[in-house]
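S.K.: Count along the sequence shown from 1, add 2, and you get the number used in this note's numbering.
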Amino acid sequence: MGKRRKKIFHPLIPLFPYSLVPFIFMPVLVAVGLQWGDEGKGRIVHSIARHAHAVARYQGGNNAGHTLVLGPKDILALHLVPSGIVYPKVRCYIGNGVVVDLKSLMDEVRLLERRGIRVRERLGISPLCHVILPYHLVFEKCLGEGLRLGTTQRGIGPAYSDKIARVGLRISDYLNPKSFKEKAGKNLRGKLSPFMSAPAIRELEQAVMKDYPSIANFIRPLVRNVSLELFEMNKKDRRIILESAQGTFLDVDFGTYPYVTSSNPIAGFAPCGVGLGPKTIGMVLGVAKLFATRVGEGPFPTEITGSLAHQIRESGLEYGATTGRPRRIGHLDLPMIKKACRINGVDRLALTKMDTLAGLPRLQICVGYDLKGEFLTEPPDDSSAYEELKPIYKELPGINGDLGSMTKYKDLPSAAKRLLKEVVEFAGVEPAVLSLGRSPKNQIILDQKFEKQWM
Ligand code: IMP
Numbered sequence: 003m004g005k006r007r008k009k010i011f012h013p014l015i016p017l018f019p020y021s022l023v024p025f026i027f028m029p030v031l032v033a034v035g036l037q038w039g040d041e042g043k044g045r046i047v048h049s050i051a052r053h054a055h056a057v058a059r060y061q062g063g064n065n066a067g068h069t070l071v072l073g074p075k076d077i078l079a080l081h082l083v084p085s086g087i088v089y090p091k092v093r094c095y096i097g098n099g100v101v102v103d104l105k106s107l108m109d110e111v112r113l114l115e116r117r118g119i120r121v122r123e124r125l126g127i128s129p130l131c132h133v134i135l136p137y138h139l140v141f142e143k144c145l146g147e148g149l150r151l152g153t154t155q156r157g158i159g160p161a162y163s164d165k166i167a168r169v170g171l172r173i174s175d176y177l178n179p180k181s182f183k184e185k186a187g188k189n190l191r192g193k194l195s196p197f198m199s200a201p202a203i204r205e206l207e208q209a210v211m212k213d214y215p216s217i218a219n220f221i222r223p224l225v226r227n228v229s230l231e232l233f234e235m236n237k238k239d240r241r242i243i244l245e246s247a248q249g250t251f252l253d254v255d256f257g258t259y260p261y262v263t264s265s266n267p268i269a270g271f272a273p274c275g276v277g278l279g280p281k282t283i284g285m286v287l288g289v290a291k292l293f294a295t296r297v298g299e300g301p302f303p304t305e306i307t308g309s310l311a312h313q314i315r316e317s318g319l320e321y322g323a324t325t326g327r328p329r330r331i332g333h334l335d336l337p338m339i340k341k342a343c344r345i346n347g348v349d350r351l352a353l354t355k356m357d358t359l360a361g362l363p364r365l366q367i368c369v370g371y372d373l374k375g376e377f378l379t380e381p382p383d384d385s386s387a388y389e390e391l392k393p394i395y396k397e398l399p400g401i402n403g404d405l406g407s408m409t410k411y412k413d414l415p416s417a418a419k420r421l422l423k424e425v426v427e428f429a430g431v432e433p434a435v436l437s438l439g440r441s442p443k444n445q446i447i448l449d450q451k452f453e454k455q456w457m
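1) Does the Cβ-Cβ distance between Tyr137 and Phe182 come in under 8 angstroms?
2) Examine ligand 1 and report whether any of its heavy atoms sits within less than 7 angstroms of the Cβ of Thr153.
3) In the DSSP output, what is Arg330 paired with across the bridge?
4) Consider the C-beta atom of Gln248 and the heavy atoms of ligand 1; say whether any pair is separated by less than 7 angstroms.
5) Mind checking whether the beta-carbon of Gly159 lies closer than 7 angstroms to any heavy atom of ligand 1?
6) Could you please give the first and the last residue of the uninterrupted beta strand (DSSP E) stretch that includes Thr354?
7) Which term fits Ser441, buried or exposed, when burial requires 16 or more other beta carbons within 10 angstroms of its beta carbon?
8) For my contact list, Leu224 and Leu125 are in at a C-beta cut-off of 8 angstroms; report their separation, rounded to the angstrom.
9) Have a look at the DSSP bridge pairing and note the partners of His132.
10) Could you compute how far the alpha carbon of Ser317 sits from the alpha carbon of Met356?
11) Mapping the DSSP letters down to three states, classify Asp76 as helix, strand or coil.
12) With distances taken Cα to Cα, identify the nearest neighbour of Val169 among Ile203, Ile134 and Leu151.
13) What is the DSSP secondary structure of Val289, reduced to helix, strand or coil?
14) Tell me the rounded alpha-carbon separation between Trp456 and Cys94.
15) Could you check which residue in Leu292, Pro337, Leu114 and Tyr89 has the C-alpha nearest to that of Leu82?
16) Could you check where the alpha helix (DSSP H) with Ala66 kicks off and where it finishes?
17) My output table needs one value for Cys274: the three-state DSSP class, helix, strand or coil.
18) Tell me, which residues are paired with Ile394 by DSSP?
19) Is any heavy atom of ligand 1 found at a distance shorter than 7 angstroms from the C-beta of Tyr89?
20) Return the CA-CA distance between Thr153 and Ala294, expressed in angstroms with no decimal places.
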């Protein structure tokens, strides 16, 4: 038996009740999607980033699309730049876990600057980020037909493959003209020679090199030691938000593999994707839409088609923010959300798009599955089992009323409260925010403590 640990009685401890600790030591918040992406993370981060010191992206690339509503007709779709950029005092970072198409980043920054948003003095990119080059997009196109995953065709998979295969180029390599030319040329030829003729490859190589000087000059001043800067901010108890792209079921490990993206959106990866220690994370905010959508191929147990799907798609404007593809629509799948809460260690829920459901005569929510006669309360890890998975539904009354104008929980119709109760009880996690429209103004705060700390 080891020695018993001596209990430490510090004279100040009784003055610091545990509930006050988070208000004194500011933890890092991770905002993570609990479905297949498009949960409304952009609008939630937009609403909590106003008082943040920094917002950082930790994975994915320009496959993501975060839509922010700044005014009645003022809509912004961000793909790489974090959602905090709309607030002039917030610093924004692109962490090492992100793969960056530098040309697309340059275009996005210029677009934001044309709209009067100062970006370059507030945006920092890690030199450890791997770059997506035009040959990754061409390569993905060549593979596309065989894989049939319905990707965004932004070169995400090929760039992450190169990273893991240790042949990728990081921003630090990109900014070294000699090594860039050498490594990029070698990669390009190696990848594309089975698919393209030598002259076509040479042409592509020339195109990559032609754009190089202007992109490198643009990117160079943005490169920062993201890990160190966030570490220093965290030491000073500054508010930091880590923002995921995509969602839990597109995670390359925990998603519906192989119909997933090539990175880890789950919260556990967040500190790794920016270079912070795991103990800095103090709040995991899980964002879930009150119905389900998915873009691209892959299993979707509660998928619906026909007029109901059409109605939800049109009323919720469910079209991909990056590719414009119509999103597949489904009923709310609570076992998925519960599993996502477990995997991400969700502390609070942000529930979105209840307004899209308003007016439907009744709601179906999935509360379990039948898999060959066995009752499951969690979706299986093995994607092939999805083919035989039959959702089990509970019917709830439809929600009526002008939800967008409501700002207090007590104003919500009883059917809306019922839906909330079902989600919270099933997931076993309390809600913090209920979003009832695209603007941060259309939301109800359900947790005052969360509001005080984060909003
Ligand atoms: P990739 O990330 O382009 O490789 O695409 C892999 C899968 O993830 C495809 O099914 C895409 O439709 C999906 N996907 C990637 N990014 C997003 C997103 O931001 N929202 C929704 N689906 C996404």
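For glycine and all other residues, C-beta sits at the position ideal for the given N, C-alpha and C.
Since this is a predicted model, take the numbers as computed values, not measurements.
M.R.: By the coordinates alone:
1) no
2) yes
3) Arg296
4) yes
5) yes
6) Arg350 to Thr354
7) buried
8) 6 angstroms
9) Val101 and Arg172
10) 11 angstroms
11) strand
12) Ile134
13) strand
14) 17 angstroms
15) Leu114
16) That residue, Ala66, is in no alpha helix (DSSP H); it is neither H nor E in DSSP.
17) coil
18) Gly370
19) no
20) 19 angstroms
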